[in-house]
Amino acid sequence: MSLILFIEQALNGLQYGVMLFLMAAGLTLVFGVMGLINLAHGSLYMIGAFAAAAVAGATGSFLLALVASLVCAAFAGVLVEFFVIRRLYDRDHLDQVLATFALILIFSEGTRWIFGSFPLFLDKPDWLSGTVMLPFGIEYSLYRLWIILVGLLVAAGLFWMIGRTRIGIRIRAGENDREMIAALGVNISLLYTFVFALGAALAGLAGALIGAIQSVQVGMGEPVLILAFVVIVIGGIGSIKGALVGAILVGLTDTLGRSFLPSFFGLFLEPSSAMSIGASLSSMSIYLLMIGVLLFRPKGLFGGI
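Residue numbers (the numbering used here): 32 to 336.
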């Protein structure tokens, strides 16, 4: 294993982790502040990806496509919160799971009806194509490096908003005692709508960014949603810091495991056995990571926003 290959795969893991953070940040905000299990969060990721692909195809502008992903996902989030989620706050988690699972089916069939069953493709702009030379002679994808930068900037913006702004104070207060801040005159319904729309916009942005790497298709959000749940369990439910750290851990563990575990077992076993065991363990690695964290930190690595 060369050092250059390891660094390249670590950067790939970081890029994957940043994308998972954009999904998990909105999910952990919604659960931490609103106490809501939202299985339809992956559908908002899909909506952002389809909106970006459609706008990029119509206008040829990648930046306009990213704006469309944010706006469309946030608008879909507002509609969902107003017409469906608002009726679930005082219901138990089983009702929330059933209702948001129904939303998955509605969004999937609606997207298939509008765009068809064939995947769409979102091309990278010319200014993000190609590679960039990094230290140690590492040639790395400019677009993947840009995703890392965007994700870290979004994370910094979230930390600033939660810790330094009035709306952040209200969000933190809403997580701790929603009845009290409602009694103090805060419009709790409007706050919940804002939090849900923010989470939806982040999911839509994640879908748009990843849409230029893989195809945009119906159902693309559900596998990512499962990983986002793993991230917030590892990081701690309701914690933005935990979502970032957990996402990077999951991204690195998954990427490095898939890249190097088969080779590691190849040192001791026959090639066919090494590939089989390495592939099996690499697919299990993030869940083994989650089990390891929960054994020592049952509430995750961090608690609270």
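All residues carry an ideal CB built from backbone N, CA and C; glycine is no exception. Please read these numbers as outputs of a predicted model, since none were measured by experiment.
Check, Outcome
"Find the nearest neighbour of Y76 within the set F291, A259 and A274, judged by alpha-carbon distance.", "A259"
"Between which two residues does the beta strand (DSSP E) holding Y120 run?", "Segment: none, Y120 is in no beta strand (DSSP E) and carries neither H nor E."
"For T90, which beta-bridge partners are listed by DSSP?", "Answer is none; T90 lacks a bridge partner."
"So, helix, strand or coil for V115, using DSSP?", "coil"
"How is V247 classed by DSSP in three states: helix, strand or coil?", "strand"
"Just to confirm the assignment, what range does the alpha helix (DSSP H) spanning V217 have?", "Element bounds for V217: n/a, residue is neither H nor E."
"Would you give the residue range spanned by the alpha helix (DSSP H) that E170 belongs to?", "From DSSP, E170 is part of no alpha helix (DSSP H) but of the beta strand (DSSP E) over I169 to S172."
"Suppose the cutoff is 8 Å on Cβ atoms and the five residues either side in sequence are ignored; what does the same chain contact list for V128 look like?", "I68 and L70"
"Could you tell me if L319 is buried or exposed, where buried requires 16 or more neighbouring beta carbons within 10 angstroms of its beta carbon?", "exposed"
"Helix, strand or coil for L70? Go by DSSP, reduced to three states.", "coil"
"Can you tell me whether L165 is helix, strand or coil according to DSSP?", "strand"
"Among the residues of its own chain, which have a CB less than 7 Å from the CB of C103, if the five just before and after it don't count?", "I78, G79, A82 and G235"
"Among I198, G44 and L292, which has the Cα closest to the Cα of A2?", "This structure cannot settle anything about residue 2, because the visible part of the chain is limited to 32 through 336."
"For the 8 Å Cβ check, are there 3 or more pairs between the stretch 246-255 and the stretch 145-158?", "yes"
"Tell me which residue opens and which closes the alpha helix (DSSP H) that L34 is part of.", "L34 to M65"
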